[in-house]
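Right, one structure below, let's go through it.
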Amino acid sequence: MVAARGSEAPRVVITGLGVATALGVELEPFWRQVIDGRSGIAPIRQFDSRPFPVSIGAEVDLDALPVDGADPEERDNRTLRFALWAAKNAWRQAGFDGGLATPRRGGVVVGGGVFPVVEEIIEGCDDSLLDGDRIDCQRYLDIYTRRPELLAQQDLMAVSSRLSAAFGLG
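In terms of our numbering, the sequence shown opens at residue 1131 and continues consecutively.
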């Protein structure tokens, strides 16, 4: 953010964009679909959603992202892969390939959710998290007890820390 002097309001300048969305992972095709009013919402394909009250979603196609040279950590964590892909594209588009002159003036802001945890639970556990149409909190806690590493994936600070490290931001 660049603050203006005097009575002018602070201004934000967006210099690069990157996307990882249900409408695609490349900026131009994604933007064309947005302009055309397309929706990325479709039947869920990543897991069997029949036991859940909702079976549609806006899934990002993980297979659309390249894996060559990716760290094993990046291959295992969908949220991190999406964040790194979008950030690398935005970084490149902004012309920052050589880095920032003053890295402390750059920062990372991440918004998101707990989907790595939910996906891991669905894929890796036989337990049903549902009690009727509600999540059974005790079953949820039992999974965290057995798999404490899932807690770190839920932490969005871990994503922003990883992005900061990847781009040398202070």
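A virtual CB, placed ideally from N, CA and C, is assigned to each residue, including glycine.
Separation of residue j from residue i, as counted between CA atoms
i	j	result
V1132	S1294	Residue placement at V1132 cannot be trusted, given a pLDDT of 40 that sits under 50; the coordinates are not used to answer.
P1181	L1210	27 Å
I1186	L1153	15 Å
Q1268	R1276	12 Å
G1236	E1138	22 Å
V1155	I1273	32 Å
F1160	A1172	16 Å
I1174	L1271	25 Å
D1266	Q1163	38 Å
I1165	G1228	33 Å
Residues near residue i by beta carbon distance below 7 Å, same chain, minus five either side
i	result
F1212	A1150, V1190
A1224	T1145, G1146
S1179	S1185
R1292	L1210
For residue i: DSSP bridge partner residues
i	result
T1151	G1154
I1186	P1173
Other residues of its chain near residue i: CB distance less than 8 Å, five sequence neighbours each side excluded
i	result
S1290	V1238, V1239, V1240
Reference residue i, options the options, closest by Cα
i	options	result
F1226	T1209, G1146, L1271	G1146
Whole-Å CB distance - residue i paired with residue j, under 8 Å assumed
i	j	result
A1217	G1148	6 Å
F1297	W1215	Rounded, the Cβ-Cβ distance is 13 Å, inconsistent with contact.
P1233	L1299	5 Å
R1208	L1230	Rounded, the Cβ-Cβ distance is 28 Å, inconsistent with contact.
G1117	A1188	The shown model of the chain, from 1131 to 1300, leaves out residue 1117, and the question about it has no answer.
Close beta carbons around residue i, own chain, < 6 Å, minus the five adjacent residues each side
i	result
N1219	G1148
P1196	none
Contact test: residue i Cβ vs the ligand ADP heavy atom, cutoff 7 Å
i	result
E1138	Ligands in the displayed structure: none, and consequently the ligand ADP is not present.
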